[in-house]
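Student: Shown below is the structure under consideration.
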Amino acid sequence: MKRFALALASASTLVLAGPALAGSLAPTVVEAPVAVAVPVQTVGTDWTGFYAGAAAGYGWGSDVADDADDATYGLFGGYNYDLGNWVVGGELEYAKSDIENATVAVDDMTRLKLRAGYDLGNVVVYGIAGANYANATIGGTDYSDTGVSYGIGADYALSDAVVAGFEVLQNDFNEFDNSTSDLSATTVSAKIAYRF
Numbered sequence: 000m001k002r003f004a005l006a007l008a009s010a011s012t013l014v015l016a017g018p019a020l021a022g023s024l025a026p027t028v029v030e031a032p033v034a035v036a037v038p039v040q041t042v043g044t045d046w047t048g049f050y051a052g053a054a055a056g057y058g059w060g061s062d063v064a065d066d067a068d069d070a071t072y073g074l075f076g077g078y079n080y081d082l083g084n085w086v087v088g089g090e091l092e093y094a095k096s097d098i099e100n101a102t103v104a105v106d107d108m109t110r111l112k113l114r115a116g117y118d119l120g121n122v123v124v125y126g127i128a129g130a131n132y133a134n135a136t137i138g139g140t141d142y143s144d145t146g147v148s149y150g151i152g153a154d155y156a157l158s159d160a161v162v163a164g165f166e167v168l169q170n171d172f173n174e175f176d177n178s179t180s181d182l183s184a185t186t187v188s189a190k191i192a193y194r195f
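Mapping the sequence shown onto numbering that gives the first Met the number 0, position 51 (from 1) lands on 50, and the numbers just tick up by one.
Okay, structure coming up:
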């Protein structure tokens, strides 16, 4: 009888332990998903192409135009070429001027500008150098002369077609049209342009 009891106990142990032995006692390890690096392409602005627009601003004079100040406004057009990190181009601008004092009135300026700047994506910061042809009245006599313009500016692409910007220019004329008077003016302009 003892043998039977021992055999029964052994069989019971095996029957009860069977399901436990069918699986592992070790906990199931769930592996975390593997992160996959997806290359991200940054979208920049291609500044190559023609553009045209309008500008409005303010100017103040020095030399014979000392204490002269007032509004400026006009039209411009040009072409940019995007070299990657750099943008170069040229621009022709006509600006009407209300800058005047008791002696001098700066009537208008036509500027041919070379521009070179650094491409920051949607923004280009640039320097300007160029020629300036101006008409002015000095002491009641009409004069016209060619001088230089230089300064800085920035353009911001509002969309693929519309660009907003600003410029600060120094405009210098030595002995304006042999009048024995130097004429200088600083202008600050806000600009809006359409690219096509």
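Note that CB positions come from ideal geometry on N, CA and C, so glycine has one too.
(1) Could you work out which residue in Asp-171, Asp-154, Ala-156, Arg-110 is closest to Leu-74 when comparing CA atoms only?
(2) Compare the beta carbon distance of Asn-84 and Asp-45 with 7 Å and say whether it is the shorter of the two.
(3) Less than 7 Å between C-beta atoms, sequence neighbours within five positions excluded: which residues of the same chain meet that for Ser-196?
(4) How many Å lie between Ile-98 and Asp-68 at the Cα?
(5) What residues are listed by DSSP as bridge partners for Ala-53?
(6) How close, in whole Å, do the beta carbons of Val-123 and Val-86 come, if the pair is a contact with beta carbons under 8 Å?
(7) Quick check: what's the CA-CA separation for Ala-130 versus Thr-179?
(8) Helix, strand or coil for Asn-100 per DSSP?
(9) For the beta strand (DSSP E) containing Asp-144, name the first residue and the last one.
(10) Please list the terminal residues of the continuous beta strand (DSSP E) segment that includes Asn-170.
(11) Look at the Cβ atom of Val-114, then the Cβ atom of Gly-88, and state whether they are nearer than 7 Å.
(12) Select from Gly-48, Thr-102, Ala-64 the residue whose C-alpha is nearest the C-alpha of Leu-82.
(13) Report the three-state DSSP secondary structure of Asn-84 (helix, strand or coil).
(14) From the DSSP output, in three-state form, read off Asp-62 for me.
(15) Would DSSP call Asn-134 helix, strand or coil?
(16) Assign Phe-172 to buried or exposed, taking buried as 16 or more other Cβ atoms, counted over all protein chains shown, within 10 Å of its Cβ.
(17) Assuming contact is defined by CB atoms lying nearer than 7 Å, are Gly-152 and Tyr-125 in contact in what I supplied?
Tutor: On the basis of the coordinates in this document:
(1) Arg-110
(2) no
(3) The question about residue 196 has no answer, for the chain in this structure spans 0 to 195.
(4) 5 Å
(5) Leu-74, Ile-191
(6) 5 Å
(7) 20 Å
(8) coil
(9) 140-156
(10) 161-172
(11) As written in the sequence, residue 114 is Arg, which differs from the Val given in the question. It is a contact, given that the beta carbons lie within the stated cut-off.
(12) Gly-48
(13) coil
(14) strand
(15) strand
(16) buried
(17) yes
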